[in-house]
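Heads up, the thing below is written out as structure tokens.
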Amino acid sequence: MAASGKRRTARGGQSGRGAARPAARGRGSGKRGSGRMTDLLTIDAMSPADLERTLALAAEFKAKPAKFATALKGKSVVMLFEKPSLRTRVSFEVGVVRLGGHALFYDHQAQRIGARESVRDYAKNLERWVHAIVARVYEQGTLTGLAAHSNVPVVNALSNEHHPCQALADLLTLRERWGKLAGKRLCFIGDGNNVATSLAQAGVLAGMIVTVITPPGYGLPEATEAKIRELAAAGGGELVISEEPGAVAGQQAVYTDEWASMHHADGAKRAKAFAGYQVNAGLMAKAARGALFMHCLPAQRGGEVTDEVIDAPTSVVYDQAENRMHAQNAVLLRLLAGK
Ligand code: CP
Ligand code: NVA
């Protein structure tokens, strides 16, 4: 988590009138591993210890929700969404209520954040009313702008480049099945997108061997790959890159996502390029025996995955969806309740 010293006021997150505010600053270079979480913008701002603490807290919340029922009492969380959502919206709204707080949904699909007034002014208004900002956006820069100009934590609920809340839920799901994650083999097959990026970052940080399999031209951006390798060095994991669907051989979990994300307009072209990368029974048969199937959802059945795979007993897609709430609540507890 970014931990670059966002200040808190005595009111616990919401800045009071006249409270000292830090000047705008770059958020991407936050001190990793300082133990103090200030935002969740990307997984790569987390240390292996941050990740482990967050997953352990998520498991604790899931097991003993009553213990945290008033943790966010009197706190409000605004949710700004520039894109559609089922899972993220519902899991955050329900999750905040389960922590005793209040969630407010603000639909931004008609107009991007920063169009009516600057992102800076947006942030400086919101911090006067709410204790945290959860935002689903197109540009990662919108999130870094909100974080740089507000005194309250900002959580990335998906951007074109990252989906950290999804990755935390995914690792929680695997942790429940496997116990330890280090040394396990997980592959992502499909588009080298936001979900692939955050998943690979979290996976290697947890010590896993993560293989990303994409058609030529749809791989992870070069800088993203370099960042994942850095995280692998910190977490003891490994990144393997392939353009061969056959690289699913021996994988203990096989993950895919839609070939065309919400910000892509070239679905027909992508369907052709990705045709050989469908996760079907034939492909799953090449993976390790009993390999889990994972998907962030929504899924295009008959596209990136077939019914027989997504509906199989080895599919954990609805566990992943449920775990969104538990993982996100752990993030909110760390950001707003000092856990
Ligand atoms: N997985 C996920 O983020 O789902 P939504 O787009 O429905 O929120
Ligand atoms: N890659 C997808 C994820 C949806 C949860 C998208 O960005 O649309």
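For the sequence shown, the positions run 2 to 340 when this note's numbering is used.
Using N, Cα and C, we set each Cβ at its ideal position, and we do this for glycine too.
Legend entry - Span of the alpha helix (DSSP H), counted from its first residue to its last, around A64: 49 to 64
Legend entry - Cα-Cα separation, K74 to A133: 13 Å
Legend entry - Closer than 7 Å: P165 CB and nearest ligand 4 heavy atom: Questions concerning ligand 4 fall outside what the structure shown contains, since the ligands it does hold are ligand 1 and ligand 2.
Inset, instruction - Taking only the alpha-carbon atoms, compute the straight-line gap between S16 and V156 and give it to the nearest angstrom. - result: Reliability of the predicted coordinates at S16 is poor, the pLDDT of 43 falling under 50, and no value is obtained from them.
Inset, instruction - To the nearest angstrom, report how far apart G238 and G304 are at their CA atoms. - result: 30 Å
Legend entry - Close beta carbons around T174, own chain, < 6 Å, minus the five adjacent residues each side: V317, D320, Q321, N324
Inset, instruction - Taking 8 Å as the cut-off, decide whether the C-beta atoms of C188 and A248 are in contact. - result: yes
Inset, instruction - Go ahead and pull the three-state DSSP assignment for E94. - result: helix
Inset, instruction - Taking 8 Å as the threshold, find out whether the segment 191 to 208 comes into contact with the segment 163 to 173 through three or more Cβ pairs. - result: yes
Legend entry - Straight-line gap, E177 to K65 (C-alpha atoms, nearest Å): 15 Å
Legend entry - Limits of the unbroken beta strand (DSSP E) element including M80: 77 to 82
Inset, instruction - Using beta-carbon positions only, say whether I214 and E245 come within less than 8 Å of one another. - result: yes
Inset, instruction - Give me whichever residues DSSP pairs with S243 in a beta bridge. - result: I214
Legend entry - Anticipated Cβ contact below 8 Å, L147 with A111, distance rounded: Actually they are not in contact, since the Cβ atoms of L147 and A111 sit about 19 Å apart, beyond 8 Å.
Inset, instruction - Report all residues from its chain with a CB closer than 6 Å to the CB of A288; omit the five preceding and five following residues, and keep chain order. - result: V249, Q252, V255
Inset, instruction - Could you tell me which residues DSSP pairs with T257 in its beta bridges? - result: H296
Legend entry - For H103: DSSP bridge partner residues: S77
Inset, instruction - Report all residues from its chain with a CB closer than 8 Å to the CB of S160; omit the five preceding and five following residues, and keep chain order. - result: R137, V138, Y139, E140, Q141, T143, L144, N195
Inset, instruction - Using three-state DSSP, classify V153 as helix, strand or coil. - result: coil
Legend entry - C-beta atoms of F106 and E94 nearer than 8 Å: yes
Legend entry - Continuous alpha helix (DSSP H) assignments of at least 4 residues falling wholly in the segment 142 to 193: 165 to 179
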